[in-house]
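Step one of this worksheet: look at the structure below.
Chains as they are written, first to last, in our numbering: chain A, 2 to 630; chain B, 2 to 630.
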């Protein structure tokens, strides 16, 4: 048995028990009231976990509710985000949300009490509601706490039993035990009922116990409605002296406390009709307005991440030298590591993405996430919660594994940097499974994202540095092969800009590319010049935001003749970005050739595959000639 | 201990042992030779698993190599797809690929022996190479075998140890044990070394055993280079009398058999230089040309799925009646279930997607996948391998969880139907975590995909039926709320078509929408009519392929004045699809208003959120007026 917790916890008294039980009932009543008033929401999923949260919040959570930014605060994440009525009822119980706001705001337009929690609320770290994400996010926060902040806060995550079917929950426990995160506690509300019927494992708490134990957690199995048992388990769980994450498996009853719905199917995600709600409130002992606050955290100094900004000396590259942009990423990231807030992680391909350069230079701030891309992105989100600037890398194709996490990271208002290597058919022999051909579309569609696609080492290094100061989801696509450096060190590459590499007053056509295709555009312009055709060449290193002014100027100069070239499927990538920008800029007449990867590629050399896809220099030149014919 | 296997297996003799050992060495030699000749590939990852595969293929796999379509054949899936040299060396050893093809084709341009296996080869069921997918795909094949085909084939999946860090592997084992898939055998090649360093669990086979056991598998732990031990484990694993999937954990050594690389770091994904390869071949005992075939499967009749086509009577809807397209999906799918090849599954939200109607009508062909979207899509891929037509549904937002699986499904040449409900801000109070606002971009970017977005119940039903005969990845987006039926039963909706709902010779502007925004376009056209403005309205129910002719005609008629409206982020969706189509159709002058969801939505009613996003009828009408101003 683990040692009892240190810190402020004292043995529970009968009065404490009674208060926790009362608070549990209040949370239930308020969950019913708020969801009934809204006409939607998940009261029954809230009622099952009410006792767990009542004990946690009144006795164990160390949180300065008036100062959510206090660095020493514990973290409370509702991985089962649909239990938002419970969370918001807690906010009422600790006095930071009024009963009026709860009753008139919940799920209403313009209110901060959204259907699922988002960080528009100062006490919410991450958006949840896509199940299986709160715990992985919590792993990131706990990693920061143990290894970077070195603060004794705990990360409490309320999980649903249904979401234990998500593989991401097991990625999270795996990483939590690998990194010995005793500061992470998952409290699983095993209420047996999912949305459309019973869960896969129902009340087989032994099965959950075997799984969580096998994944390296310390496990407590309790009756989730026995406040004394809850108190003991949570007290022990909150102890930071061990080396294992904790999973508290609580057997609960959905809709607990109201006999008409308790443990019954058919009541998921349904508010009680008003007359039922009235009966429920009576059965639950009526409305209460307890205000209960638990322990305060120890005062902590400001976060290490917030400490100043170091001088960053970016690597320099010689013009003409052949350097892969992925290599430039590694060089630049290692340099950027002079900033104490920069953290890096990778999905076990750091010798391909070159994140290993950061790992060697700053081993304390590098976290290997192994082949678990969902956890990779979730960890980045967690670091972001604690004010760090995470860079997460893997093959660009494999970020598709974590798209739901990236989408949710945007809702979480996380600022994270994702860098995907091995883009497009350019990678060659490995074949289509390793080729990112959808990543630009995928990342452009994320709210508030930035999408960068540099063509050379100098611009890569500059943009890596720029990424570290962006808000939201920043994505960079890098290329496997080495291509000539195009720019001198010191050249500036504003996000949202572009570079015009060839230009004349009599340009007849503009060739627009990025990454490997920009080099094709340059070669094509040379070929066209021999035919007497003057071609403008634009390096569109910033796909989102995009340099509409330069594109419009090019369209005007060339009477709308544009060749758009990308190592990506035709949908949603560079070509779409250009067309969207020009359409948004006002009336334009365009005559466009859009070269992209339309057939399923196989293996081969870079040259063979670029040519077969119709995006090599000769195809670009041909397309330009056709536009002028 | 499980009972010994039935069937064709006989006890191993010394001669068998010697043959298997020889075959293992041959597979190693050929893995070295092929990858060295190609100058790329993963010989060491092949060498660790060579003995496992030698025993499996020579003694246990029941496969008619000359008839890969024989319905009774076992399935062999390389979840660790990077061990393609081993797989192709097996193909040589069974005599279906020549040594010449192996030596001159591997990883070469135009060859079917791609860097990672794809079904351009007749013996490959699914593309692998994105780790953690072969086993989930195998679950789908095994589900088909046990519950639909009712054939005694086994599904053997060779897994890497690195990929056990992917949550999807645990989703797969979870489902395999839930569905009692004794016909699924995962053979895990625990060679301890990943790409950039040691794996998370190294050779801790006990940890793997605890995890796999906890997830419900029967587990054997063996020395993966002891052919007798392998034979015994695989013989027992192949027994179909139990009710558990099997996991064979094989302790192996990466690069086994060549002392210069065996169990050494730094040799992942690297071919041996020619002179090293020569030494390796000598140490491995030289080249061999054994041709070894194992047992044949019992002759099986053609697959039930291939049996005829039943008459499908689609549900009819009355014009003007309010019906949610998600409800029409459920109605249509239940009707389509008259076809014996149609299978449905859902991610535990079947009462929201209305897949539950199919579940009630055809319970034997409905598979609940619980909240595990990766496994949901992978199971669909597996059913597709066996000739079924799977329909997989969940909230559209949550398909983002499975994007890597969808991308790989396209490379796998799978024909699967995905149906995502609750699209866009229209869903209302649940908030952004539940709103699909990236799904059109995500699905359009998939190679060869079809993307459908019906606005009413009649078109939904017709398109659901059409989906069942499409090739590749077919996606339908459905809407939460109920809107008027627009079309009479019997109206036809060809994929790639559209409907012009309002049209006149003097149309000054065209309003183009789909789903909920089409209803906004219709209302806007009515408003505009009151101002004397004639607006064309187009129902763009087929986003990919797209009806370029109708769009071009509209652009011509309206002098390029188009209002594009979508309940989606601005990137990569309906608007992009229209602009791409028009750009591809030749020179056009456009004056476009693109209305899409540009701000992060919160909660509210459908009407409030559509209006706040600027995509409601009044905004559409205003945009049209501005284009005409």
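Ideal Cβ placement from N, Cα and C applies to all residues, glycine included.
Environment of residue i [buried if 16+ CB atoms lie within 10 Å]
i                     : result
residue 391 (chain A) : buried
residue 431 (chain B) : buried
residue 282 (chain A) : buried
residue 201 (chain A) : buried
residue 9 (chain B)   : Low per-residue confidence applies at residue 9 (chain B): pLDDT is 49, beneath 50, and the placement is therefore not dependable enough to give any value.
residue 616 (chain B) : buried
residue 493 (chain A) : exposed
residue 1 (chain A)   : The displayed coordinates of chain A run from 2 to 630. Any statement about residue 1 (chain A) would go beyond what the structure contains.
residue 72 (chain B)  : buried
residue 630 (chain B) : exposed
Beta-carbon spacing of residue i, residue j below 7 Å
i                     : j                     : result
residue 536 (chain A) : residue 567 (chain A) : no
residue 457 (chain B) : residue 488 (chain B) : yes
residue 573 (chain A) : residue 584 (chain B) : no
residue 575 (chain A) : residue 544 (chain A) : yes
residue 577 (chain B) : residue 577 (chain A) : yes
residue 132 (chain B) : residue 407 (chain A) : no
Helix, strand or coil at residue i [DSSP, three-state]
i                     : result
residue 314 (chain A) : coil
residue 132 (chain A) : coil
residue 493 (chain B) : coil
residue 323 (chain B) : strand
residue 4 (chain A)   : Caution applies to residue 4 (chain A), whose pLDDT of 37 falls short of 50 and renders its modelled position unreliable; the model cannot decide the point.
residue 209 (chain A) : helix
residue 219 (chain A) : strand
residue 171 (chain B) : helix
residue 141 (chain A) : helix
residue 428 (chain A) : helix
residue 147 (chain B) : helix
residue 520 (chain A) : helix
residue 247 (chain A) : strand
Neighbour flag for residue i against chain C, beta carbons, 7 Å
i                     : result
residue 405 (chain A) : No chain C appears in the structure shown, which is made up of the protein chains A and B.
Residue interval of the beta strand (DSSP E) (run including residue i)
i                     : result
residue 655 (chain B) : Absent from the structure is residue 655 (chain B), since the part of chain B shown begins at 2 and ends at 630.
Neighbouring residues, chain B, relative to residue i (Cβ below 9 Å)
i                     : result
residue 245 (chain A) : None at all; the shortest Cβ gap to chain B is about 13 Å.
residue 117 (chain A) : 431, 432, 433, 434, 435 and 604
residue 570 (chain A) : 445, 446, 447 and 448
residue 476 (chain A) : Those do not exist, as residue 476 (chain A) stays about 12 Å from chain B at its closest Cβ, beyond 9 Å.
residue 349 (chain A) : 163, 166, 195, 196, 197, 198, 200 and 201
Partner residues on chain A for residue i, Cβ-Cβ distance less than 9 Å
i                     : result
residue 47 (chain B)  : What residue 47 (chain B) touches in chain A: nothing, since even the nearest Cβ is about 15 Å away.
residue 111 (chain B) : 603, 604, 605, 609 and 613
Proximal chain A residues relative to residue i, where beta-carbon distance stays under 7 Å
i                     : result
residue 171 (chain B) : 168 and 171
residue 148 (chain B) : Correct list: empty, because the minimum Cβ distance to chain A is about 17 Å.
residue 409 (chain B) : 434
residue 179 (chain B) : 201
residue 132 (chain B) : 372
Chain-ordered chain B contacts of residue i [CB-CB under 8 Å]
i                     : result
residue 595 (chain A) : 581, 584 and 585
residue 479 (chain A) : Those do not exist, as residue 479 (chain A) stays about 17 Å from chain B at its closest Cβ, beyond 8 Å.
residue 573 (chain A) : 442, 445, 446, 572, 573 and 577
residue 92 (chain A)  : The contacting residues do not exist; residue 92 (chain A) stays about 16 Å from chain B at best.
Residue i Cβ short of 6 Å to the ligand SAM heavy atom set
i                    : result
residue 99 (chain B) : This structure lacks the ligand SAM, and indeed carries no ligand of any kind.
Neighbour list for residue i in chain B, Cβ cutoff strictly below 7 Å
i                     : result
residue 327 (chain A) : Here the premise fails: no neighbours, minimum Cβ distance about 14 Å.
residue 108 (chain A) : 430 and 604
Extent of the continuous alpha helix (DSSP H) run through residue i
i                     : result
residue 551 (chain B) : 549-558
residue 104 (chain A) : 100-106
residue 347 (chain B) : Element bounds for residue 347 (chain B): not the alpha helix (DSSP H) but the beta strand (DSSP E), 343-347.
residue 609 (chain B) : 607-613
Contacts of residue i in chain A (Cβ-Cβ under 8 Å)
i                     : result
residue 589 (chain B) : 590 and 591
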